[in-house]
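So the structure is just underneath, and the comments pick up after that.
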Amino acid sequence: MWNYTDKVKEHFFNPKNSGVLETANAVGEVGSITCGDALRLMLKVDPDTQIIQDAKFQTFGCGSAIASSSALTEMIIGKTVDEALVLTNRDIAEYLGGLPPEKMHCSVMGAEALRAAIANYKGEEWVDDHEEGELICKCFGVDAAMIERAVTVNGLTSLEEVTHYTKAGGSCQTCHEKIEEVLEAVMAKTGALKPAAKHTPGTVGLDAIKPLPAKPEPAAAPKLTNVQRMQAIMGAIEEMRPQIQRDGGDVELVDIDGKDIYVRLTGACSGCSQSAGTMMGVQMKLVEALGEFVRVKPASLMPAHAG
Amino acid sequence: MTIPNVTVPNRGVYLDNNATTRVDPDVLAEMLPLFTEHFGNPSSMHAFGAAVGGKIEWARKQVQALLGAAHDSEIIFTSGGTESDNTAILSIIEAYPKKREIVTSVVEHPAVLALCDYLEKKRDYKIHRIPVDNRGDLDIDAYRAALSDQVAIVSIMWANNETGTIFPIEELAQMAKAVGAVFHTDAVQAVGKIPMKLADSAVDMLSLSGHKLHAPKGIGALYVKRGLRFRPMLRGGHQERSRRAGTENAPAIVGLGAAAHLALTHMGEENTRVKAQRDRLEQAILAAVPACFVTGNPEHRLPNTCNIAFEFIEGEAILLLLNEQGIAASSGSACTSGSLEPSHVMRAMGVPYTAAHGATRFSLSRDTTDAEIDHVIAVVPGIIAKLRSLSPYWEQGAAKPKEFAPVYS
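Listed below in C-alpha cells is the structure:
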C-alpha cells in the first residue's frame, strides 16, 4: 500500500475541478492509455489580463495522478499564464506534501499538461522531452534512460560514478545489479572502456544530472568549531524530520562522538525494512552539510560509557 | 455519481486470498505449543527433540495426503513457493548439466520467470517461454514444438494467480516425460483447491506455499517424486534427508500440516459454496457495470478467483476506492506495483491496454460470507462510475468510450 499523504488522499477522494470545461480556450493533453496515465487539462484564459480564470481536468490514472491533476488546477487558477509556467512538477509534489518516488511521474504529467495547454493557448508547438524507461532506482526515482544519458555523456565507467551523477543506487542499494547491467550495455555500445568526450554544457538536457558534491578532501573542508559543527548536525537532522515524519517515523540525535553520529529512529521507522536506507539518507545529508565524512549509527550501537 | 452508503462489515471484506490468506485459528492452535513447549531441535538426541520430530513427520503426512503423493519422504519443507521453484529448477539443471534448455510459460510467477531470465542471461540457457491465447490458455502446439531431448526441465504453473486459469497439467507432464524432460509445476494457487493424486501422475516436482492455504507465511514445500535426481540448493546439515539444510521451521511446518489437513476437508466447500459466491459476485458486476469483462478462461479456472477488467479506468484508483469501503482486492495495473507496465499476464493474453490497467482481481476463500459479497456488489458499480466520470476516455452522457488520443505520450 502506498504511503500517500493526507493531502493526496483529499485530492483523490474529492478531486477539485474535475470534468469538462466547455468555455476552455486552451487544452493540453498528455500521456496515453498505454502508459497507464493520461491527462486532459482545460483552461479558460482571459485574453486581456492573461489570467487563468478557470481550469478543469480529466484524468485516467492512479490515485496520485488524479490528485496531482486536482492539485494542479487549484494551483494555477487565478495565476497569469506566465506565472503558471514557472510551476514545476516539484511544486505539484510539494503542494501535495510529497509523493512516493515511484509516483513522481504523476506530478511530471501534471507539469507537462500545463505546458502543453499554455503552448496550445499561445499557438505554439510543444516538444515533449519526457522520456520514460524502466525505473531502476526507486529511492530516487531514476530510470534507465537517465542513467544511460549520464553514462554516455560523461563517459562513466563505474557504479560509484553513476551514483555520484544520478544518485541512483545511493540509498537502499537493491538496484546495484540493474545499474551495472545498464552500465555494461551502454559501455558495450559505445566501445567498451574508452571514455566519451567530456560533456559540453548545453549539448544535452543534462541539467537535471549534476554530479553530487565531490568527496570533500579533508584539508579543504572549512574547519568548524565544535559548537558550529553540532549546530550544523542538528540543523540538518531537523530539516530531514518532516520527510521522515510523513512516513510515520521520526529521527532524533542522540550523541556526537567525533566522526560517529548516533541517532535513534522511532515510530514507524523502528523495525522498518527501509530503516537502513533512512540511516544512509541521514548520513548523506550530514556529509553534505558538514563537508566531511561522518558515519551515522543507530543509538543502540553506542559504546557504553564508563562511570 | 455517488456510492451507496452501505455499512462496511466490521472486519473488512478480504477478497485478496490469492495474495495471502488468514491463518486458520485451528492452524495457529496447532502451532503455538511448538514455540514454548515443544521447542526442541528435532535433530537432538533427547526427548525435547524427539517430540518435535514426531510433529514434523505428522505434518509431512498431512501434506502427502493433500497432494495424493505415494510416499511422505517425497515432501521437502522449504521457506515457501519461491524457494521451492528455485530449488526445483536449479536442482534439475545441476543434475542434468548437458541439457541446456528450459521450457516455461509467459504467465509464470516471477519466482520462475526471473530465475529463467537469469539463467538465460548469465548461464547461457535457452529458455522457451510458451505463449498463451487471449483466454490465457497455453499454446499447446508451441509447447510441443519446444520439447526435445535438450530440455532439462519444464516448469509450468498449475493455475494462474491473476486469472485463476488452470493449465492441463497432466497432459503437459506426459508430453514432457515423452522427451525425457523433468516436469515441475508451480501449484501454489492450485493446492487445496484442485484435488490431486501425484502418485498416479507424471508430475515430477510440485511447489506449494503455506500462506495461500491458511498456513503462515514463510513455509512451503517441494514435492520430489521418488527416484528423481536431486541436488540441494541449501547445503549444510542433514535436515530433510540432506535435501534442504537448515534447522526445521518446526512451528510453521506443523502449521502447514494442520492447514493441509483442513484444506482436504474443505476442498468440497471451495468448489461449491465459495465457487457459487464467486459466480454470483461476477454475474452481478457484469450485469451492473458497462464495458467490463472477465479475463482468463472462465470455464477452466480456480473456484475462488474472478478477474474483471474495467475499461478506461486505472486499477490503483479502483483499489483505493474499494479500500475506502473496507474491501480488499488486487490489480494487475502498473501503478499498484510501482512498475510502469501493467501485469505480464494481462499483456501476455493480449488484453488491450484500455482494459489491462483496470483489471481487478477478487479472490475469495472459505472465510468469505454472503453478506460480504452483497456489500461488494452494492458498491462496485458506483466506484467504477465515479472514476469513469473523471476519465478523459469516457463519454459521460452516453456511458460509452470516446476518442482521446493525445499527441504527446
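For the record, the sequence lines run as chains A and B. Numbering follows full-length UniProt numbering, with no gaps: position 62 of the first sequence is 62. Numbering follows full-length UniProt numbering, with no gaps: position 133 of the second sequence is 133. Think of the CB as a built atom: it goes at the ideal place given N, C-alpha and C, for glycine as much as any other residue.
query, result
"Within 7 Å of any Cβ in chain A, is that where the Cβ of residue 314(B) sits?", "yes"
"In this structure, what does DSSP give as the bridge partners for residue 75(B)?", "223(B)"
"Since residue 63(A) meets chain B, which of its residues come closer than 7 Å, beta carbon to beta carbon?", "316, 317 and 320"
"At the level of alpha carbons, what is the spacing between residue 23(B) and residue 328(B)?", "17 Å"
"Please give me, in chain order, every unbroken run of the alpha helix (DSSP H) with length at least 4 that falls completely inside the segment 61–86 of chain A.", "63–76 and 81–85"
"What residues in its chain sit with their C-beta under 6 Å from that of residue 65(A), if we drop five residues either side in the sequence?", "37, 59 and 106"
"With DSSP as the reference, label residue 35(B) as helix, strand or coil.", "helix"
"Using only CA atoms, which one of 323(B), 317(B), 326(B) and 324(B) lies nearest to residue 332(B)?", "317(B)"
"Go ahead and label residue 33(A) buried or exposed: buried means 16 or more other beta carbons lie within 10 angstroms of its beta carbon, across all protein chains shown.", "buried"
"To which residues of the same chain is residue 107(B) closer than 6 Å at the C-beta, ignoring the five residues directly before and after it?", "132, 160, 345 and 348"
"Name the residue from 179(B), 58(B) and 209(B) whose alpha carbon lies nearest to the alpha carbon of residue 193(B).", "209(B)"
"In angstroms with no decimal places, state the Cα-to-Cα distance between residue 390(B) and residue 18(A).", "6 Å"
"Would the beta-carbon of residue 15(B) fall within 7 Å of that of residue 230(B)?", "no"
"Residue 390(B) versus chain A: which residues are under 7 Å apart at the beta carbon?", "15, 18, 58, 59 and 66"
"Need the endpoints of the alpha helix (DSSP H) that residue 89(A) sits in, please.", "89–95"
"How many angstroms separate the CA atom of residue 87(A) from the CA atom of residue 11(B)?", "44 Å"
"Let me know if residue 223(B) comes out buried or exposed under the rule of 16 or more other beta-carbons within 10 Å of its beta-carbon.", "buried"
"Taking only beta-carbon positions, decide if residue 33(A) is within less than 7 Å of chain B.", "yes"
"Near residue 177(B), what residues of its chain come up, given a Cβ to Cβ distance below 7 Å and the 5 sequence neighbours on each side ignored?", "183 and 202"
"Quick one: grab the DSSP three-state call for residue 125(B).", "coil"
"For residue 293(A), which residues in chain B fall below 9 Å Cβ to Cβ?", "Going along chain B, no residue has its Cβ under 9 Å from residue 293(A), so there is no contact; the nearest lies around 32 Å."
"How big is the Cα-Cα spacing for residue 120(A) and residue 93(A)?", "24 Å"
"Please report the distance separating the alpha-carbon of residue 392(B) from that of residue 123(B).", "47 Å"
"Tell me residue 307(B)'s beta-bridge partners as DSSP assigns them.", "361(B)"
"So residue 137(A) is in the beta strand (DSSP E); what residue range does that whole segment cover?", "135–137"
"Taking the alpha helix (DSSP H) that residue 198(B) falls in, what are its first and last residues?", "Looking at the DSSP string, residue 198(B) is not in any alpha helix (DSSP H), and its letter there is neither H nor E."
"Exposed or buried, which one is residue 304(B) when buried takes at least 16 other CB atoms within 10 Å?", "buried"
"Which residues mark the beginning and the end of the beta strand (DSSP E) in which residue 39(A) is found?", "37–45"
"Under 8 Å Cβ to Cβ from residue 274(B), same chain only, skipping five residues before and after it: list those, please.", "303, 304, 364, 365, 366 and 368"
"In the segment 342–376 of chain B, which residues sit with their C-beta less than 8 Å from some C-beta in chain C, listed in chain order?", "Of the protein chains in the structure, A and B, none is chain C."
"The alpha helix (DSSP H) that contains residue 268(B), what's its start and end?", "250–269"
"Hey, residue 38(B) and residue 29(B): beta-carbon distance below 7 Å or not?", "no"
"Measure from the C-beta of residue 40(A) to each C-beta in chain B and report whether the shortest distance is under 7 Å.", "yes"
"Under 7 Å between the Cβ atoms of residue 359(B) and residue 323(B)?", "no"
"Locate the beta strand (DSSP E) running through residue 32(A), then write down its first and last residues.", "26–32"
"Within its chain, find whatever has a CB closer than 8 Å to the CB of residue 354(B); leave out the 5 residues flanking it on each side and keep chain order.", "311, 312, 393 and 401"
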